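Protein chains in written order, with our numbering: chain A, 1 to 418; chain B, 419 to 728.
Even for Gly, the Cβ is constructed at its ideal location relative to N, Cα and C.
Treat the numbers as computed from the prediction; the structure is a model and nothing was measured.
Everything below concerns the one structure shown next.
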Ligand SMILES: Nc1ncnc2c1ncn2[C@@H]1O[C@H](COP(=O)(O)OP(=O)(O)OP(=O)(O)O)[C@@H](O)[C@H]1O
Ligand SMILES: [Mg+2]
């Protein structure tokens, strides 16, 4: 019986090409538009991005460190200097920057070339570099001094970005910000980090990429997932519209008169919502796989996330249906379609990774079905296994459960508003 | 077979149906008449267990069905007042879906769908999407869906509103045939007197939630035995003439149409010459003055002082 209800729903979608267009073409078009906006980078990012960075050292770190230690002897007691000498390796800023940039994981997509100060003009003319990191003379000396002696004036690292490579540029910038934070945190002696002084950087259009040591996620992947999870939300509303229409038309009464329990009908909506959300998600991801080469490392994990996410959409569908039955009006569904869904999309990070602003926002974002779905997909895309997203999956399942329970409570008994 | 006992439904402070008592025997066609808002649909919804009554009982073969409607639902086919169909699906797809909802399947379902399509005369349009159907065809399918599970009884809520006379006749003939050939019990709701007169053995008349008359056609018309209806037609009815009619001692009731006036007078009174006189004195050009055989419409008029439809 539930199967009949699902089949009928499928047939109704099929007979409404505008609806199909909205559900399948719209997200695909959105992804394509974003693709065009993000430029050529979008197309061939299925293989991890390859970037070249020039590291231009005007001074020599080793010499500066030695100089720093020598000068220190005049300022501090010997025991203190010896203690610092022992930990100086972890404090040397350029060395630690290089150790990160040249680590195995990072070198997969980042190539670092070293130059002396005489070669500056030469590299600036070379378009293949995404960024030039300039280390001014006595940079290391100043960093150490600011860390150890708590000098207030932080030294400056100059970064010149290649404005034609926006996606890559933002990766580097993000990377350096992280490095800066790491260094600041690591500088147990000092409060001041390095100030990244950036010049010649064009405003970046809004594509921000989360950096992870394993695999960077490209803007194209980010927005493909963002647009998908957002658009699938609308499916819940559409199913609720259909369900309420069935009540208005007395078709629901016909089903009840056939001695079909209203719970069977209820389950029909839940299952239809879940199944069609699943199908919709699969179609859009298949498209982005074929056209943009966005693929998930582990298909089983991907299916688990897709199913959990679809289940939460099914829950939303049945909740909206039950509420509109109870209130005898589709206002609630309109409200969801016009306002709540967009709000969820923003909070969940479909338009912009707002979670990057603060962990609190990230947490809130993960408390939306689409946000949890997005985070889960991104984590999978970075190559992390299912273990990294149990929180998100749990949330999705709990969310579905909660919506179904609330829906069941709201779903009117015969005669209440029949 | 089915019996309504003091059935009552209150919406907020308003009685949609008040102390309705009715019965329907197997094989009967019973008419339920009443103007808009009389409470017909509400009564039917309670009868078919879709709406819970505020008071009273519905009994099927002497057992209350309020708590346990399943047995009754099995033998009843409901034709709702509006078109309760998936208009994006074809006629056949609608029938197949509702058939499966009624747990039919396989060859039996296909046979039943063919049979119903034949009965409602839509066999050659079975593959067409319902929204492209004419109003009359949609109405026919609306009835067809209710017949898929071979119900013993059909409840029809104004099955002919807003359709062409041809489709209307087709539906009326179909209902009559189902009753005669298969002994189908029918509860037929309408505000068209002629339909009820044509179809029904017994009639209930409702107004504003109350039952105002019931009985066989003849019994109901007996209500009018003391009066007769006279129809006066003129080119243009003027106010003076109407006023004069209203003030006349023999004339009980005056109802004004666009080009006609209906009056009720005592059966033995002869008012023809009076009417002609009144017309002359008020400058009205008469077209005709006729004695009308009483209709249910007249009964309703007599009972409520209002026409069934505006
Ligand atoms: N769910 C409801 N809530 C409140 N009032 C209702 C509801 N359903 C019906 N009514 C009221 O009950 C009265 C009877 O309505 P009902 O639909 O039964 O009349 P009806 O005889 O079928 O009229 P029609 O010929 O227009 O179909 C009307 O005044 C209507 O406004
Ligand atoms: Mg009605």
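- With fewer than 16 neighbouring CB atoms inside 10 Å of its own CB, residue 405/A falls in the exposed class.
- The DSSP-derived three-state label of residue 475/B is strand.
- When DSSP states are grouped into helix, strand and coil, residue 435/B belongs to the strand group.
- Between ligand 2 and the CB of residue 499/B, the shortest heavy atom gap is smaller than 8 Å.
- Using a Cβ-Cβ cut-off of 9 Å, residue 262/A does not count as an interface residue toward chain B, since no Cβ of chain B sits closer than that to its own.
- Here residue 114/A carries a strand assignment [DSSP, helix/strand/coil].
- In the three-state DSSP reduction, residue 392/A falls in the helix class (H, G or I).
- Contact holds between the stretch 548-558 of chain B and the stretch 496-511 of chain B, because three or more Cβ pairs, one in each stretch, are under 8 Å apart.
- Ligand 2 has no heavy atom closer than 8 Å to the beta-carbon of residue 552/B.
- The DSSP-derived three-state label of residue 141/A is helix.
- Of the residues assessed, residue 647/B falls on the buried side of the cut-off, its CB having 16 or more other CB atoms within 10 angstroms.
- With a cutoff of 9 Å on beta-carbon distance, residue 344/A and residue 328/A are scored as not near each other.
- Residue 438/B is positioned such that its CB atom lies closer than 9 Å to that of residue 474/B.
- In the three-state reduction of the DSSP assignment, residue 680/B falls in the strand class, which pools E and B.
- In this structure, DSSP gives residue 419/B a state outside helix and strand, which the three-state scheme calls coil.
- For ligand 1, a non-hydrogen atom lies closer than 8 Å to the CB of residue 429/B.
- The beta carbon of residue 454/B sits closer than 8 Å to at least one heavy atom of ligand 1.
- Beta-bridge analysis with DSSP links residue 598/B to no other residue.
- At a cut-off of 9 Å between beta carbons, residue 526/B makes no contact with chain A.
- No Cβ-Cβ contact shorter than 9 Å links residue 445/B with residue 621/B.
- Looking from the CA of residue 141/A, the closest CA among 122/A, 407/A, 66/A and 89/A belongs to 66/A.
- Not one beta carbon of chain B lies nearer than 9 Å to the beta carbon of residue 235/A.
- Interface criterion met: the Cβ of residue 504/B is under 9 Å from a Cβ in chain A.
- Shown in chain order are the members of the stretch 8-35 of chain A whose Cβ falls below 8 Å from a Cβ of chain B: 8, 11, 12, 15 and 16.
- For residue 708/B, there is no enclosing alpha helix (DSSP H); the enclosing beta strand (DSSP E) has its first and last residue at 704-710.
- Residue pairing by DSSP puts residue 622/B in a beta bridge opposite 450/B and 632/B.
- For residue 273/A, the uninterrupted alpha helix (DSSP H) run begins and ends at 262-292, by DSSP.
- Taking every protein chain shown into account, the CB of residue 677/B has fewer than 16 other CB atoms within 10 angstroms, so this residue is exposed.
- 9 Å or more divides the Cβ of residue 352/A from the Cβ of residue 302/A.
- Listed by position along chain A, the residues whose Cβ is nearer than 7 Å to that of residue 518/B are 4.
- For residue 631/B, the Cβ stays outside the 8 Å cut-off from all heavy atoms of ligand 1.
- Annotation for residue 260/A: 1 place their beta carbon closer than 8 Å to its own, counting only its chain and skipping 5 residues before and after.
- Distances from the alpha-carbon of residue 578/B to those of 589/B, 568/B and 570/B put 589/B closest.
- Under a 10 Å Cβ-count criterion, residue 63/A is classified as exposed, with fewer than 16 other Cβ atoms of the shown protein chains found around its own Cβ.
- Contact check between the stretch 225-232 of chain A and the stretch 25-34 of chain A: three or more CB pairs, one atom from each, fall below 8 Å, which counts as touching.
- For residue 511/B, the chain A residues whose Cβ falls inside 7 Å of its Cβ are 11, in order along the chain.
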